[in-house]
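Numbering (full-length UniProt numbering), first residue to last: 1 to 240. Glycine residues also receive a C-beta, built at the ideal position from the N, C-alpha and C atoms.
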Amino acid sequence: MGRIFEVRKSTMFARWDRMAKQFTRIGKEIVIAVKAGGPDPDTNPALRRCYLNAKAVNMPKDRVEAAIKRASGKDMTNYDEILYEGYAPHGVAVLIETATDNHVRTVANVKSIFNKGDGALGNSGSVSFQFRKMGVFKLNPAGLSADELELELIDAGLDEMGEGSGENGEEVLVLRCAFTDFGNLQKALEDKGITPISSELEWIPTSTVELNEEQAQDVLKLVDKLEQDDDVQKVFHNLK
Numbered sequence: 001m002g003r004i005f006e007v008r009k010s011t012m013f014a015r016w017d018r019m020a021k022q023f024t025r026i027g028k029e030i031v032i033a034v035k036a037g038g039p040d041p042d043t044n045p046a047l048r049r050c051y052l053n054a055k056a057v058n059m060p061k062d063r064v065e066a067a068i069k070r071a072s073g074k075d076m077t078n079y080d081e082i083l084y085e086g087y088a089p090h091g092v093a094v095l096i097e098t099a100t101d102n103h104v105r106t107v108a109n110v111k112s113i114f115n116k117g118d119g120a121l122g123n124s125g126s127v128s129f130q131f132r133k134m135g136v137f138k139l140n141p142a143g144l145s146a147d148e149l150e151l152e153l154i155d156a157g158l159d160e161m162g163e164g165s166g167e168n169g170e171e172v173l174v175l176r177c178a179f180t181d182f183g184n185l186q187k188a189l190e191d192k193g194i195t196p197i198s199s200e201l202e203w204i205p206t207s208t209v210e211l212n213e214e215q216a217q218d219v220l221k222l223v224d225k226l227e228q229d230d231d232v233q234k235v236f237h238n239l240k
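Take a look at the structure:
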């Protein structure tokens, strides 16, 4: 087991701005999860995942519960999940996950950010073939035998396991599985009494682009602008 492959993260905007964005993102994920599977986390795996991810970014429990209550109301906004694809400068592929109540506004904003950042918004399928959609679980390695855990989880769909970094640079165990095995691996961890630090569905690049620092900053500026848009949930790219 080695250090798992991770692409470069953008760290452009301030900690408090990032925290506020994370709270907004998880709030939308809660709405989508509740609308799809109800307000009870015991019977709604997607909502359990939201709880985990809220805890990972220190989102207050009362704010999580308020979001669930609002999502259960009849007048709550419905969000459509839309994936946009494009290229940043220097040929870097970019995928943008959005949750929006106005797709006309969202596509206009995303297209404008690409154009101003010397990128180009593409058509559906123009970029996504360069990525695999995977389940990604991050675990606290304390008290765990990575080798034993890897063997025990293979039948649950574990694709790869390695060392990685958490939000604050701490060491974590990173588990990845195919998108279709996400629920199986989540249940296997629950059955073993292991609570992940976070669990996400991510687009993992099958190959990466290596640039010099100046070129990389061009890409990360575009990524940063996309991440700051209110309708954008997550941004993935293949910059090494």
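Limits of the beta strand (DSSP E) - the one that residue i falls within
i           : result
residue 93  : 93–100
residue 189 : Residue 189 -> not in any beta strand (DSSP E); alpha helix (DSSP H) instead, spanning 182–191.
residue 240 : Segment: none, residue 240 is in no beta strand (DSSP E) and carries neither H nor E.
residue 72  : Here residue 72 belongs to no beta strand (DSSP E), and DSSP marks it neither H nor E.
residue 171 : 171–178
Residue i in three-state terms, based on DSSP
i           : result
residue 25  : helix
residue 165 : strand
residue 226 : helix
residue 207 : coil
residue 80  : strand
residue 112 : helix
residue 147 : helix
Test: residue i CB closer than 8 Å to a CB of chain C
i           : result
residue 146 : The structure shown contains no chain C, having only a single protein chain.
Same chain, Cβ closer than 7 Å to residue i, neighbours up to 5 away in sequence not counted
i           : result
residue 179 : 133, 134, 135 and 201
residue 68  : 30, 34 and 39
residue 41  : 47, 48 and 51
residue 44  : 33, 37 and 38
Same chain only: Cβ atoms within 6 Å of residue i, ignoring 5 sequence neighbours per side
i          : result
residue 90 : 211 and 215
Endpoints, alpha helix (DSSP H) assigned at residue i
i           : result
residue 139 : Taken as a continuous stretch (DSSP letters only), residue 139 belongs to no alpha helix (DSSP H), being part of the beta strand (DSSP E) at 131–139.
residue 196 : Residue 196 -> no alpha helix (DSSP H), and no H or E assigned at all.
residue 56  : 45–56
8 Å Cβ shell around residue i - same chain, five flanking residues per side excluded
i          : result
residue 18 : none
Whole-Å CB distance - residue i paired with residue j, under 8 Å assumed
i          : j           : result
residue 88 : residue 117 : 7 Å
residue 53 : residue 26  : 6 Å
*Specify whether the segment 125–141 and the segment 164–175 touch according to this definition: at least 3 beta carbon pairs, one from each stretch, less than 8 Å apart.*
Put simply, the segment 125–141 touches the segment 164–175. At least three CB pairs are less than 8 Å apart.
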